[in-house]
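Beneath this line is the structure, given in structure tokens, with notes to follow.
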Amino acid sequence: MTAAVMQNSDKHNEACSVCRCGMHDYFALPEVIALLDELGKSGSFYVLLKKAVLLEWEQFDLVKHIDGRAACQDDARSFFVHRTAQYLAFPEALLNGAVYALEHAQQEGKNLIAEKYARMMRLSNPEEYRHLVKNNLEQPSPVKQQVLDEIYQILADQLILAGQVLPVTHQHARPDTTLTDHISSLDYFVAELVPFRLAALFDLVAALTDMTKQGHNPIVRTYVFTLRVMQAVKGEVEQ
């Protein structure tokens, strides 16, 4: 998905009802539940994870691509795999911040996924962004931008290490640098964080710093957990 216009679908209620049901099925798979139990991620984490992914999937379903609906918007399995893997790989501060931001956006009628794609478009195709995006995106305050830059730098160092530890997997991930129509993995990630509360971003900085000091690389973990979750949904139910 290269670009998105920040508009809601006219079929909001019907589409959301269908997409929520499809995504619910993945959380009920015995293999998925067993994986979360193995990782000690059942209970409250499971509840928050399910809430975050369902809200993201619902909002993703409503994003309008410039060329019509994108194929990835109908690929519930891939969405579940990648979103779940990221939340498993990163400190729980990421999940906590995401749930709060998503719920707050829902109350205000905002689509954070559409906003994320608009932010990515501004970086990967600024000319297209100027022509297509009608809504003015909220800009982070100088303090928030400084914290976002700090998160970016922490992960930039981890990205280099990830390329050394798992070079083949790394080649199949998003590029390290944003190019025209191709957003980098770090710019993609930071675009998700802009709506977070400042307190949540401070928590994430502290948690990432602690994680990396202990020798745990969140990007390597994302690669590993992507494979683990993919294996868990191998015998998925029919959509």
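Residue numbers (my numbering): 11 to 249.
Cβ atoms here follow ideal geometry from the backbone N, Cα and C, with glycine treated the same way.
- For L189, DSSP records a beta bridge to H192.
- Non-local C-beta neighbours of L122 in its own chain, meaning closer than 7 Å and more than five positions away in sequence, comprise Q69, A111, L112, A115 and P205, ordered along the chain.
- Contact between L147 and L196 is absent: CB atoms are separated by about 19 Å, not below the 8 Å threshold.
- The alpha-carbon of L214 is positioned some 16 Å away from that of P150.
- Residues of the same chain with a CB within less than 7 Å of the CB of H192, apart from the 5 flanking positions on each side, are S134 and P185 in chain order.
- Here DSSP, grouped into helix, strand and coil, assigns D220 to helix.
- Counting of Cβ neighbours within 10 angstroms places G107 among the buried residues, the total reaching 16 or more.
- Within the same chain, Cβ atoms closer than 8 Å to the Cβ of R132 are found at Y139, V143 and L147, the five residues on either side in sequence being excluded.
- A residue is called buried once 16 or more other Cβ atoms fall within 10 Å of its Cβ, and Q181, having fewer, is exposed.
- One alpha carbon belongs to P228, the other to T222, and they sit about 8 Å apart.
- Y233 places its beta carbon less than 8 Å from that of T179.
- Per DSSP, the continuous alpha helix (DSSP H) segment holding Q168 begins and ends at P152 to V175.
- Annotated as distal: A95 and A217, with beta-carbon spacing of 8 Å or more.
- For N106, the uninterrupted alpha helix (DSSP H) run begins and ends at E102 to E118, by DSSP.
- Sequence-distant Cβ neighbours of M130 in its own chain, meaning closer than 7 Å and more than five residues away, are I193, D197, Y198 and A201.
- Taking each of H34, D220, V243 and M240 in turn and checking the Cα distance to F100, the smallest one comes out for D220.
- The C-alpha of V230 is placed about 10 Å away from the C-alpha of I170.
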